[in-house]
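Notes for the one structure printed next.
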Amino acid sequence: MPQSLITWTQDVTAGVPLPRYVGQVGAVVVGICEYDGSNRLWTWWSPLVEDIWGHGQDAHGAQQGCEAWLRGWVENFRPFFA
12 MPQSLITWTQ DVTAGVPLPR YVGQVGAVVV GICEYDGSNR LWTWWSPLVE
62 DIWGHGQDAH GAQQGCEAWL RGWVENFRPF FA
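Residue numbers for the sequence shown follow this note's numbering, so the first one is 12 and each next one is one higher.
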C-alpha cells in the first residue's frame, strides 16, 4: 500500500486517551476508527459518506481498511479534476 497522506491521532478527553483515532488530511477529517467492545473489533467509517464502514482486528488494520476504501472512492473524482 502506498504511503498514507492521512494523519491518525488518538482522541483524548480530560487527559485520558480514548480507544478512538481520527484521521485527517490537513484540516479535513476523512476517517474515524474506534474500538467496538461489544464485537471486540475496531470499526472505521468516514464522515465524507454516510453509509460506509468496516472493521479491523486492531486499530492499525481498521485504519488501513479506511485508507484503502478512501483511495478507491477518491479515484471516482479524478476525471472531475483532470
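Note that beta-carbon positions come from the ideal geometry of N, C-alpha and C, so glycine has one too.
Spatial neighbours of P90 in its chain, beta-carbon cut-off 6 Å, leaving aside the 5 residues before and after: Position 79 of the sequence shown, counted from the first residue, corresponds to residue 90. So no residue of the chain qualifies.
C-beta contact flag for G83 and Q75 at 9 Å: The sequence position of residue 83 within the sequence shown is 72, counting from 1. The sequence position of residue 75 within the sequence shown is 64, counting from 1. In this structure, G83 lies away from Q75, with their beta-carbon atoms at least 9 Å apart.
Inter-residue Cα distance where the pair is D62 and V23: Your numbering for residue 62 matches position 51 in the sequence shown. Your numbering for residue 23 matches position 12 in the sequence shown. Cα to Cα, the separation comes out at about 26 Å.
Host beta strand (DSSP E) of L29 (start-end): Residue mapping note: residue 29 aligns to position 18 of the sequence shown, counting from 1. Counting along the chain, the unbroken beta strand (DSSP E) around L29 starts and ends at V27 to V36.
Buried or exposed (CB count within 10 angstroms, at least 16 for buried), S49: Along the sequence shown, one-based indexing puts residue 49 at 38. A residue is called buried when at least 16 other Cβ atoms come within 10 angstroms of its Cβ; S49 does not meet this threshold and is exposed.
Status (buried if at least 16 other CB within 10 Å, exposed otherwise) for G42: Here residue 42 refers to the residue found at position 31 when the sequence shown is read from its first residue. Around the Cβ of G42, a 10 Å sphere holds 16 or more other Cβ atoms; the residue is buried.
Residues near Y46 by beta carbon distance below 6 Å, same chain, minus five either side: On the sequence shown, position 35 is the one that residue 46 refers to. P30 and W53.
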